[in-house]
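See below for the structure under consideration.
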Amino acid sequence: MIHLDDPNDERLADYVSLTDVVLRTRLEPAGGLYMAESEKVIRRALRAGHRPRSMVLAENWRSSLDDLVADMLAADVPVFTGPIDLIEKITGFHVHRGAIAAMHRPALPPVAQVIENARRIVVLENITDHTNVGAIFRSVAGLGADAVLVTPRCADPFYRRSVRVSMGTVFQVPWTRIDPWPEGIDLLQMAGFTVAALALRPDAVSLDDFVASAPPKAALVLGAEGDGLSPVTIEHADRTVTIPMAGGVDSLNVAAAAAVAMWSLRV
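Add 625 to a position in the sequence shown, counting from 1, and you land on the number used in the working numbering.
Right under this line is the structure:
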């Protein structure tokens with residue numbers, strides 16, 4: 626175990642400026658890494674077979690994470706420890722539960738592999754809010770969808786905030802990027818999926834009606850809040866579906882909408 630006393634230690638380059646979203650979303654994929662924050666998330670990453678590059682641990686959390694530290698050291702993974710204020714000076718934020726690890730980013734599988742045996746999948750079109758992406762993954766995992774596809778301009782599910790909000794479920798739900806998009810709709814349709822665009826349109830069918838005659842294989846497409854789905858995506862989808870609302874409310878947060886829809890479509 627390596628004791629920290631210098632916030633400029635070059636061995637900690639992976640952990641610097643973690644709150645700079647623009648910088649990190651450029652550097653992390655290019656560097657082949659992502660950040661796993663908190664004990665629970667780190668453990669889930671390890672159970673998923675992901676390889677750590679290093680771990681940083683606050684001194685006051687060492688005694689409760691002895692087994693995790695032992696596993697890291699046994700695998701020759703550097704473990705850095707120091708005062709929590711020093712660690713937070715390096716990272717730029719409060720480190721949740723005192724532990725964060727730099728992990729090797731696994732290669733994404735091809736779309737065909739991810740959807741091969743799936744019956745219910747979720748497609749995220751250009752959702753740029755990392756919190757929403759993480760929350761959707763948690764709902765997908767908990768409500769039994771088989772896979773997630775993200776479009777080229779969608780936020781990175783392996784970004785630190787997405788991973789933490791998902792409670793590490795991004796490691797257990799099969800996912801990959803579908804590119805190009807919306808041309809990828811053709812691939813889903815050829816694989817036997819009924820593509821359902823969740824959107825507010827006059828010709829949309831209610832979620833209740835869609836579920837009543839739910840297809841054997843369904844791909845539910847959700848868009849960013851505000852902009853929603855692109856017109857081209859809606860045009861090429863097989864169905865447009867809307868969630869019936871009350872109280873003068875026209876729509877839900879995209880993560881809540883994903884949970885409602887997947888609960889209704891569970892198999």
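A virtual CB, placed ideally from N, CA and C, is assigned to each residue, including glycine.
Report yes if the CB atom of residue i is closer than 7 angstroms to the CB atom of residue j, and no otherwise.
i: Arg789; j: Glu664; result: no
i: Ser838; j: Pro869; result: no
i: Val866; j: Ala843; result: no
i: Ile715; j: Ala683; result: no
i: Thr650; j: Pro734; result: no
i: Met887; j: Ala780; result: no
i: Ala655; j: Ile740; result: no
Could you name the residues of the same chain whose beta carbon sits closer than 8 angstroms to that of residue i, not counting the 5 residues immediately before and after it, in chain order?
i: Ala766; result: Ser791, Thr794, Gln797, Val798
i: Val885; result: Leu832, Ile868, Leu877
i: Leu825; result: Gly853, Thr867, Asp875, Ser876
Output needed for residue i: all residues of its chain with C-beta closer than 6 angstroms, excluding positions within five of it in sequence on either side, in chain order.
i: Tyr659; result: Glu653, Met728, Arg730, Phe783
i: Ala862; result: Val820, Ala822
i: Ile840; result: It should be noted that the sequence gives Pro, not Ile, for residue 840. Excluding residues within five positions, the ones whose Cβ falls inside 6 angstroms are Thr819.
So if DSSP puts residue i in a beta bridge, which residue, or which two residues, is it bridged to?
i: His659; result: Checking the sequence shown, residue 659 turns out to be Tyr, not His. Beta-bridge pairing links Tyr659 to Met728.
i: Glu578; result: Nothing can be reported for residue 578, as the shown portion of the chain is limited to 626 through 892.
i: Trp800; result: Val773
i: Ser679; result: Ala727
i: Val830; result: Val866
i: Arg745; result: Ala843
i: Ile761; result: Bridge partners of Ile761: none, in fact.
Out of the options, point me to the one whose CA is closest to residue i's CA.
i: Val893; options: Ile752, Gly723, Ala871, Leu847; result: An answer regarding residue 893 cannot be provided, because it is not within the stretch 626 to 892 covered by the chain.
i: Asp631; options: Thr756, Glu860, Ile709, Val892; result: Ile709
i: Ile761; options: Ile725, Val879, Pro856, Trp686; result: Val879
i: Arg687; options: Arg864, Pro856, Glu860, Arg722; result: Arg722
i: Arg636; options: Val647, Pro703, Glu860, Ala737; result: Pro703
i: Asp754; options: Asp692, Met626, Leu629, Val646; result: Val646
Kindly list the residues whose CB is nearer than 7 angstroms to the CB of residue i, restricted to its own chain and excluding five residues on each side of it in sequence; keep chain order.
i: Thr644; result: Gly717, Phe718
i: Val641; result: Ile715
i: Thr756; result: Arg786, Val790
**Request:** Take every Cβ of the region 772–787, pair it with every Cβ of the region 803–819, and state whether three or more of those distances are shorter than 8 angstroms.
**Result:** Yes: at least three Cβ pairs fall under 8 angstroms.
**Message:** Across the region 744–753 and the region 666–686, are there enough close Cβ pairs to call them in contact, namely three or more that are closer than 8 angstroms?
**Reply:** Result no; under three Cβ-Cβ pairs closer than 8 angstroms.
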